[in-house]
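**Q** Questions regarding the structure given below will be posed in turn.
Residue numbers (the numbering used here): 9 to 92.
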């Protein structure tokens, strides 16, 4: 394990060095999670990338209006009732 020292700015911010970002597997614009641990320690890791909000609208069909809840429920019922 290698120790990396980072400097805190006057605004209380820390810039992660490129080697730290590479180790985390993240690049600019991506997010990281920080766990606050006992004794003033933190654990830093890349945030999960499979966010639902990022995929919202991905399968949208511009040629037809969105399905109603009743239509979605009927499709679900039909799908469960089919023989596999």
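Heads up, the beta-carbon is just placed ideally off N, CA and C, and yes, glycines get one too.
Here's a check: name, in chain order, each residue in its chain whose Cβ is nearer than 7 Å to the Cβ of residue 92, leaving out the five neighbours to either side.
**A** For residue 92, the pLDDT reaches just 48, beneath the cut-off of 50, and the residue's location in the model is therefore unreliable, although a value from the coordinates is still provided. So no residue of the chain qualifies.
**Q** Are the region 25–32 and the region 9–16 in contact at 8 Å, needing three or more beta carbon pairs?
**A** yes
**Q** Quick one: Cα of residue 80 to Cα of residue 73, how far?
**A** If you take the alpha carbons of residue 80 and residue 73, they lie about 13 Å apart.
**Q** Quick check on DSSP: helix, strand or coil for residue 32?
**A** Helix.
**Q** Taking the alpha-carbon positions, what's the residue 52 to residue 18 distance?
**A** 22 Å
**Q** Counting along the chain, where does the beta strand (DSSP E) carrying residue 42 start and finish?
**A** 40–44
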